[in-house]
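These protein sequences, in sequence, are chains F and W.
For the first sequence, our numbering assigns the number 15 to the initial residue and increments by one for each residue that follows.
For the second sequence, our numbering assigns the number 11 to the initial residue and increments by one for each residue that follows.
Glycine is no exception: its CB is placed at the ideal position from the N, C-alpha and C atoms.
Because the structure is a prediction, the values reported are computed rather than measured.
Taking it in order: structure first as structure tokens, then the write-up.
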Amino acid sequence: MPPLARAIDVSRRYGDVLALDRVSLDVNPGEIVGLLGPNGAGKSTLLNLLAGLRRPTSGKAELFGGDPRDPSRRRRLGVTPQETGLPSTLRVAECVQFVAKHFADPVPTKELLDRFGLCEVAGRQTGGLSGGQKRRLAVALAFVGRPRLVLLDEPTTGLDVTARRALWDAIREFPGKDSAVLLTSHYLEEIAALAGRVVVLGSGRVLADDTVASVRDLVALRRVSMLAAEIPQLSGVVAQQRQDGRVELMTADSDSLVRQLVSSGAAFSELEIHAASLEEAFLTLTSATKSSEQ
Amino acid sequence: MSLVLTHARYQFLETIRIPVAVIGTMFFPAASMIFFVVPAVGDNAAAATFATGSMVVFATSTSCLFNYGIGVSEDRAQPWDPFVRTLPAGSFPRFAGRILNGTGFLVLSFLPVLVVAAVATEATATAPQILLGIGALLAGAVPFTLMGLTIGYLLPSKAALAVAQLLFFPLAFGGGLMSAPGRAPGWVEPISPYLPTRGTAELLWSAVGDRTPDTLAVSMLGAWTVVLAVVATFAYRRDEGRRYS
């Protein structure tokens, strides 16, 4: 089966800012693909291009084999609004019905509300919903038109653990063998819970496109830091910098690094080892990719 | 077509559930009738008819400025707008629905004026006169619709509110809507034909009363319509380019 959505060498510029830099990506039927990256990495821009909201500066975005800006290409596309943007005076069921009017064969309102646990608040205005209920409604709206491709931008940001898990279940149940989900997140945990495939974006570029397990290894970095005047060449160091007299080393395997350090006989003190945050891991990955190209 | 109606219907629901919007739309024009027109000219059939026409134009211009000006600029700031853009419909139904909804509010804004006129004044009009009046009003509402759209697409919502508030009263007063035809204070009469409110009022006065519309005022109304159509198109395209290109 052909890909449901494709980005082919897509770049997008906003004024001086290059939000996407020659990104290529296929979303195939049957997949849940996670787009992972820190804020400003280009995740939302990529979704906007695939949803037809924006035009690529160069390259091509395709949806079901055509231009996403052509409304007829979006008949089997589901998108979530930001929950802050729900019309506050419309009732929950009205929001669903409004969206349903745009599709040929929508899911019946009651069935949809039931699936997302919103039946009890069907008659309530969205302005009076809790954050979690708004988020669930926003995600539910993406599924109204029986989509084959669903784009979810940060589907569970700001939800508590129980609400997050409930929503994950609803998303996981969805894709059959001819449909797919593309979701963004800046939590690896969220992507690991939902997606089989992870695309890591950093500074507008694809840094990795792989299984959850390999990406986890890639981004599960540790920061080993110590006071030292000089340190020998060590293997497994992804990045190295000096700050306030401390040497900071980023590595995937801190155990091996420490062993090498000790056996080298180099003088050091105040050794500290921390798990690097995802942001730090991204920064390291981004700069590593850049320097390897130079 | 059914999608246009859908968009109009839900936009109408969104607005009508905000009590202030309804009061602003329906209460103030009717209140102006009760406090100014009824005591002053209520028992003079011809004068009351002209004054009712003036108040209908006042209600219409105000409703357009606020409904489109503030409605559009607020919607532009909401993430709901881009979400609706991703539905398989294009931008036409939302825009057409907005015009339909705005026209609905326009009618809501002057209906109470007509009710007060019928109940509390000697104002009269025959059925053909009323039909002609509706036609005159729909034509005369176009420049105000365009003015509201321009404000809405050009300005952020706080600025749009301020500009609408700055404009609506000078337009009404300067257009001579607060006085009988030709009886406005000295400095108003010379400028009033150049304001679109006067042109629309001339059309409406002539539809329901014994009067020939002032040529200058009606030509200026045409000129306003053309100029505002150009400006509103520019504002719309600029907004499209900023948010969706």
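Check the Cα spacing between Ser202 of chain W and each of W:Met230, W:Arg104, W:Tyr254 and W:Thr222: the tightest is with W:Met230.
In the DSSP assignment, His200 of chain F forms no beta bridge with any residue. A direct Cα-to-Cα measurement between Ser119 of chain W and Thr72 of chain W gives close to 9 Å. Per the DSSP secondary-structure output, Lys168 of chain W pairs with nothing in a beta bridge. Looking at F:Ala253, F:Leu143 and F:Ile245, the one whose alpha-carbon comes closest to that of Gly279 of chain F is F:Ile245.
In the three-state reduction of the DSSP assignment, Arg236 of chain F falls in the strand class. For Ser255 of chain W, a Cβ of chain F is located within less than 8 Å of the residue's own Cβ.
Residues of the segment 166 to 199 of chain W that bring their beta carbon within less than 8 Å of a beta carbon in chain F are absent altogether.
Boundaries of the beta strand (DSSP E) harbouring Met264 of chain F: Arg260 to Thr265, taken from the DSSP string. Contact between the segment 130 to 139 of chain W and the segment 76 to 94 of chain W is absent, with fewer than three C-beta pairs closer than 8 Å.
Its Cα nearest to that of Gly54 of chain F, the residue F:Leu32 stands out among F:Leu32, F:Ser72 and F:Pro70.
A contact between stretches requires three or more CB pairs, one per stretch, nearer than 8 Å, and the segment 31 to 39 of chain W meets this requirement with the segment 63 to 79 of chain W. Taking 4 residues as the shortest admissible run, the segment 59 to 140 of chain F contains the following complete alpha helix (DSSP H) segments, listed from N- to C-terminal end: 106 to 114 and 123 to 129.
When Cβ-Cβ separations below 8 Å define contact, Phe112 of chain F makes contact with chain W. Contact between Leu49 of chain F and Leu60 of chain F holds: their C-beta atoms lie close to 7 Å from each other, under 8 Å.
The shortest C-alpha to C-alpha distance from Gly112 of chain W to any of W:Glu199, W:Gly79, W:Pro122 and W:Gln175 is the one to W:Gly79. When beta bridges are read from the DSSP output, Thr225 of chain F appears opposite F:Arg211.
Taken in chain order, the members of the segment 89 to 104 of chain W whose beta-carbon sits within less than 7 Å of a beta-carbon on chain F are Pro89, Trp90, Pro92, Phe93, Arg95, Thr96, Leu97, Pro98, Ala99 and Gly100. Three or more Cβ pairs closer than 8 Å define a contact, and the segment 226 to 245 of chain F meets that threshold against the segment 257 to 272 of chain F. Ala290 of chain F carries a coil assignment under DSSP once its states are collapsed to helix, strand and coil. Contact of Arg20 of chain F with chain W by beta-carbon distance below 8 Å is absent, the smallest such distance being about 17 Å. Look at the segment 92 to 125 of chain F: the residues with a C-beta under 8 Å from a C-beta of chain W are Val93, Thr94, Pro95, Gln96, Thr98, Gly99, Leu100, Pro101, Thr103, Leu104, Glu108, Phe112, Val113, Lys115, His116 and Phe117.
About 15 Å separates the beta carbon of Ala206 of chain F from that of Val175 of chain F, a gap too long to meet the 8 Å contact definition. For Leu238 of chain W, the enclosing alpha helix (DSSP H) starts and ends at Thr225 to Tyr254.
If you draw a straight line from the Cα of Ser42 of chain W to the Cα of Ser193 of chain F, it comes to about 59 Å.
Within the segment 23 to 36 of chain W, the residues whose Cβ lies closer than 7 Å to some Cβ of chain F are Leu23, Glu24, Arg27 and Ile28, listed in chain order. In this structure, DSSP gives Ile28 of chain W a state outside helix and strand, which the three-state scheme calls coil. Boundaries of the beta strand (DSSP E) around Gly48 of chain F: Ile46 to Leu50.
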